[in-house]
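**Q** FYI, the numbering for the sequence shown is 1 to 328, going by the numbering used here.
C-beta: ideal position from N, C-alpha, C; glycine also.
Before we start, here is the structure in question, set down as structure tokens.
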Amino acid sequence: MADTNKKDETLRRHTDLVPTLPSRENGGVTNKEVINDQNTLLTSSSLKGVMLVQQNFIALPTDILLATYPKCGTTWLKALIFAITNRSFFDFASHPLLTNNPHGCIPTLEGLVQNNNASTTLSLSSARLLATHIPCHLLPASVASSGCRIVYIFRNPKDVFVSWFHMKKLMTVKEEELPPLSLGVDIFCKRVNHFGSYWDHVLGYWNANSEFPGKVLILTYEDMKKDTFSCVKRLAEFLGQPFSSEEERDGVVEEIVKLCSFEHLSNLEVNKTGMLQFTANSAIQNNVFFRKGEVGDWRNHLTDEMAARLNQISEDKFGGTGLMSHIN
Ligand code: A3P
Numbered sequence: 001m002a003d004t005n006k007k008d009e010t011l012r013r014h015t016d017l018v019p020t021l022p023s024r025e026n027g028g029v030t031n032k033e034v035i036n037d038q039n040t041l042l043t044s045s046s047l048k049g050v051m052l053v054q055q056n057f058i059a060l061p062t063d064i065l066l067a068t069y070p071k072c073g074t075t076w077l078k079a080l081i082f083a084i085t086n087r088s089f090f091d092f093a094s095h096p097l098l099t100n101n102p103h104g105c106i107p108t109l110e111g112l113v114q115n116n117n118a119s120t121t122l123s124l125s126s127a128r129l130l131a132t133h134i135p136c137h138l139l140p141a142s143v144a145s146s147g148c149r150i151v152y153i154f155r156n157p158k159d160v161f162v163s164w165f166h167m168k169k170l171m172t173v174k175e176e177e178l179p180p181l182s183l184g185v186d187i188f189c190k191r192v193n194h195f196g197s198y199w200d201h202v203l204g205y206w207n208a209n210s211e212f213p214g215k216v217l218i219l220t221y222e223d224m225k226k227d228t229f230s231c232v233k234r235l236a237e238f239l240g241q242p243f244s245s246e247e248e249r250d251g252v253v254e255e256i257v258k259l260c261s262f263e264h265l266s267n268l269e270v271n272k273t274g275m276l277q278f279t280a281n282s283a284i285q286n287n288v289f290f291r292k293g294e295v296g297d298w299r300n301h302l303t304d305e306m307a308a309r310l311n312q313i314s315e316d317k318f319g320g321t322g323l324m325s326h327i328n
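Pasting the structure below:
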């Protein structure tokens with residue numbers, strides 16, 4: 001996917017650029033934040049991914065791009081998109097999702113351009129299945145000009161925060177380096193995250209949905225939980241592969257819903273004990289992608305004050321857009 005010379009040149013530009021960018025610290029916890037030229041807070045490593053994607057990725061009209069802010073349901077949607085688009089190639093009894101974590105089934109663009117391992121995808125679909133956490137306005141121009149399809153899922157920010165904080169807890173080697181929950185809320189509210197502000201991320205794709213009708217499908221984690229069956233049918237239609245009446249009669253939609261359910265995936269051996277190789281030097285345990293899989297778990301973790309602070313930002317950012325009704 002990435003031409004080696006072009007990639008090396010981008011990496012050199014990144015190395016030169018980072019020290020010239022202003023840093024932002026928050027409670028001494030995150031000290032690698034940089035503001036890129038489009039005024040979005042990114043970590044140095046995310047900025048590297050963004051630059052590599054911008055320089056090395058050219059979207060095709062047939063591409064299917066799953067875009068998410070971390071912890072909004074990426075793993076679930078990767079599994080569903082893979083299962084829907086590959087349903088004619090695999091039997092449910094010996095499906096790749098039984099032995100591979102969903103992240104091994106659909107590669108993340110930022111990782112792909114860094115690793116140069118485009119061939120590792122397990123998909124047999126003629127469409128390229130790709131995922132990204134990159135904010136909408138930082139995607140390469142070819143994504144809009146190619147007319148490729150984008151699926152975006154978002155979730156109540158209070159649950160996103162709680163999910164993110166737990167992941168951070170799991171990934172923090174030294175307990176003393178984990179910020180207290182209140183500082184975690186502060187970090188989240190101040191947009192200090194790998195891919196910038198949750199609220200700006202959602203707004204970017206929400207606006208793209210109006211700008212490119214029929215090319216962006218917006219889903220919410222809450223709707224998916226409430227009625228997975230209908231959402232899967234909607235997803236298949238959007239992807240240009242609606243279920244036939246024969247498939248519906250044979251229970252294919254139900255099979256896909258069951259295969260990709262939290263209960264099923266999280267109990268598979270591969271997801272309980274397996275590891276995912278993200279880059280040549282970094283691997284992650286598959287079980288970190290599965291925690292509770294519930295709506296409203298924030299109530300068990302956040303104080304009223306923390307919840308009110310997150311609600312206020314949502315109202316300030318989303319007020320008048322129609323987004324509030326999706327996250328309440
Ligand atoms: P919780 O931490 O609230 O449990 P992402 O995949 O974007 O990192 O999001 C992770 C969140 O999605 C976690 O939420 C995780 O438990 C949940 N999740 C993972 N797989 C899921 C599935 N198949 N169905 C529903 N939720 C799932």
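1. Apart from the five residues on each side of it in sequence, which residues of its chain come closer than 8 Å, Cβ to Cβ, to Cys148?
2. Closer than 6 Å to a non-hydrogen atom of the ligand A3P - does that hold for the CB of Cys72?
3. So, helix, strand or coil for Ile134, using DSSP?
4. Is any non-hydrogen atom of the ligand A3P found closer than 6 Å to the C-beta of Ser46, if you look at the structure I gave you?
5. State buried or exposed for Gln312, treating a residue as buried only when at least 16 other CB atoms are found within 10 Å of its CB.
6. For Leu203, name the three-state secondary structure that DSSP assigns.
7. With Val202 and Leu80 assumed to form a contact (beta carbons below 8 Å), what rounded beta-carbon distance in angstroms separates them?
8. Put Ala308 into one of helix, strand or coil per three-state DSSP.
9. Which term fits Asp91, buried or exposed, when burial requires 16 or more other beta carbons within 10 angstroms of its beta carbon?
10. Got a sec? Which residues, its chain only, sit under 6 Å from Phe333 by beta carbon, not counting five neighbours each side?
11. Any chance you could list the alpha helix (DSSP H) runs of at least 4 consecutive residues sitting entirely within the stretch 10 to 96, in chain order?
12. To which residues does DSSP link Val149 through a beta bridge?
13. According to DSSP, is Leu124 helix, strand or coil?
14. Taking DSSP as the reference, what is the three-state secondary structure of Leu268?
15. Return yes when the Cβ of Ser123 is within less than 7 Å of the Cβ of Leu129, no when it is not.
16. Going residue by residue through the stretch 211 to 285, where are the continuous alpha helix (DSSP H) segments of at least 4 residues, counting only ones entirely within it?
17. Can you tell me whether Pro180 is buried or exposed, with buried defined as 16 or more other CB within 10 angstroms of its CB?
18. Does the structure place the stretch 297 to 305 close enough to the stretch 96 to 116 that three or more beta carbon pairs sit under 8 Å?
19. Near Asp316, what residues of its chain come up, given a Cβ to Cβ distance below 8 Å and the 5 sequence neighbours on each side ignored?
20. Determine the DSSP secondary structure at Phe290, reduced to helix, strand or coil.
21. For the ligand A3P, is there a heavy atom less than 6 Å away from the beta-carbon of Thr75?
22. What's the gap between the Cα of His103 and the Cα of Leu276?
23. Relative to the C-alpha of Arg291, which residue among Gly73, Ala283, Gly319 is closest?
24. Give me the Cα-Cα distance between Thr4 and His95, rounded to the nearest whole angstrom.
25. Regarding Leu265 and the ligand A3P, is the C-beta to nearest heavy atom distance less than 6 Å?
26. Would you tell me roughly how many angstroms separate the C-alpha atoms of Thr20 and Pro70, rounded to the nearest one?
27. Under 7 Å between the Cβ atoms of Leu217 and Val151?
28. By the three-class DSSP mapping on this structure, what secondary structure does Thr4 have?
29. Between the C-alpha atoms of Ile153 and Ile327, what's the straight-line distance to the nearest angstrom?
30. Once you ignore the five residues that flank Gln241 on each side, which residues in its own chain have a CB closer than 7 Å to its CB?
31. Can you name the residues that DSSP bridges to Thr108?
32. Return the Cβ separation of Val253 and Phe243 in integer angstroms, given the expectation that the two are a contact with Cβ distance under 8 Å.
33. Are Phe195 and His133 close, meaning C-beta to C-beta below 7 Å?
34. Going by beta-carbon coordinates alone, are Leu310 and Lys158 separated by less than 7 Å?
35. Using DSSP bridges, identify the partner residues of Phe195.
**A** Inspection of the coordinates gives the following:
1. Along the sequence shown, read from residue 1 onward, the residue named residue 148 stands at position 148. Counting only Cβ-Cβ distances below 8 Å, and skipping sequence neighbours, we find Ala59, Leu60, Pro61, Thr62, Asp63, Ile64, Leu65, Lys215.
2. Within the sequence shown, the letter at position 72 stands for residue 72. Flag set: Cβ of Cys72 near the ligand A3P.
3. Walking along the sequence shown from the start, residue 134 turns up at place 134. Coil.
4. Along the sequence shown, one-based indexing puts residue 46 at 46. No, the ligand A3P has no heavy atom inside 6 Å of this Cβ.
5. Residue 312 sits at position 312 when you count from the first residue of the sequence shown. Flag for Gln312 reads exposed.
6. On the sequence shown, residue 203 is found 203 positions in, with the first residue counted as 1. If DSSP states are grouped into helix, strand and coil, Leu203 belongs with the helices.
7. Position 202 of the sequence shown, counting from 1, holds the residue named residue 202. Position 80 of the sequence shown, counting from 1, holds the residue named residue 80. Between Leu80 and Val202 the Cβ distance is about 20 Å, and since that is not below 8 Å, they are no contact.
8. Within the sequence shown, the letter at position 308 stands for residue 308. The answer is helix: DSSP assigns Ala308 an H, G or I state.
9. Locating residue 91 in the sequence shown gives position 91, where the first residue counts as 1. Exposed, because fewer than 16 other Cβ atoms sit within 10 Å of the Cβ of Asp91.
10. In this structure the chain extends from 1 to 328, so residue 333 is not present and cannot be described.
11. 44 to 56, 74 to 85
12. Indexing the sequence shown from 1 puts residue 149 at position 149. The identity of residue 149 in the sequence shown is Arg, whereas the question assumes Val. DSSP lists Ile64 as partners of Arg149.
13. For the purposes of this step, residue 124 is identified with residue 124 of the sequence shown, where counting begins at 1. In the structure shown, Leu124 sits in coil (DSSP, three-state: anything other than H, G, I, E or B).
14. As a working mapping, residue 268 is identified with position 268 in the sequence shown. In the structure shown, Leu268 sits in coil (DSSP, three-state: anything other than H, G, I, E or B).
15. As a working note, residue 129 is residue 129 in the sequence shown. As a working note, residue 123 is residue 123 in the sequence shown. It is a contact, given that the beta carbons lie within the stated cut-off.
16. 221 to 226, 228 to 238, 245 to 249, 252 to 259, 262 to 266, 269 to 273
17. The residue you call residue 180 lines up with position 180 of the sequence shown. Pro180 is exposed by the Cβ-count criterion.
18. no
19. Here residue 316 corresponds to residue number 316 of the sequence shown, with the count starting at 1. So no residue of the chain qualifies.
20. As a position in the sequence shown, residue 290 is number 290, starting the count at 1. Coil at Phe290, not helix or strand.
21. Position 75 of the sequence shown, counted from the start, is the residue given in the question as residue 75. Yes, since a heavy atom of the ligand A3P falls inside the 6 Å radius drawn around the Cβ of Thr75.
22. As a first step, residue 103 must be located in the sequence shown, where it is residue number 103. As a first step, residue 276 must be located in the sequence shown, where it is residue number 276. Approximately 8 Å, taken between the alpha carbons.
23. Here residue 291 corresponds to residue number 291 of the sequence shown, with the count starting at 1. Taking only the C-alpha atoms, the option nearest Arg291 is Gly73.
24. As a working mapping, residue 4 is identified with position 4 in the sequence shown. As a working mapping, residue 95 is identified with position 95 in the sequence shown. Going by the C-alpha atoms only, they are around 34 Å apart.
25. As a first step, residue 265 is located in the sequence shown; it is residue number 265 there, counting from the start. Yes - the ligand A3P has a heavy atom lying nearer than 6 Å to the Cβ of Leu265.
26. Position 20 of the sequence shown, counting from 1, holds the residue named residue 20. Position 70 of the sequence shown, counting from 1, holds the residue named residue 70. Rounded to whole angstroms, Thr20 to Pro70 spans 27 Å at the Cα level.
27. Within the sequence shown, the letter at position 217 stands for residue 217. Within the sequence shown, the letter at position 151 stands for residue 151. Result yes, Cβ atoms of Leu217 and Val151 sit closer than 7 Å.
28. In the sequence shown, residue 4 corresponds to position 4, counting from 1. Three-state DSSP puts Thr4 in a helix.
29. The residue you call residue 153 lines up with position 153 of the sequence shown. The residue you call residue 327 lines up with position 327 of the sequence shown. So the two alpha carbons sit approximately 12 Å from each other.
30. As a working note, residue 241 is residue 241 in the sequence shown. Cβ within range, chain order: Ile84, Thr85.
31. The sequence position of residue 108 within the sequence shown is 108, counting from 1. Thr108 pairs with Ala131.
32. Working through the sequence shown from its first residue, we reach residue 253 at position 253. Working through the sequence shown from its first residue, we reach residue 243 at position 243. The Cβ separation is near 6 Å, so the contact holds.
33. In the sequence shown, the residue the question calls residue 195 occupies position 195. In the sequence shown, the residue the question calls residue 133 occupies position 133. Cβ atoms of Phe195 and His133: closer than 7 Å.
34. For the purposes of this step, residue 310 is taken as the residue at position 310 of the sequence shown. For the purposes of this step, residue 158 is taken as the residue at position 158 of the sequence shown. Contact: yes.
35. Position 195 of the sequence shown, counted from the start, is the residue given in the question as residue 195. In the DSSP output, where bridge partners are listed per residue, Phe195 has none listed.
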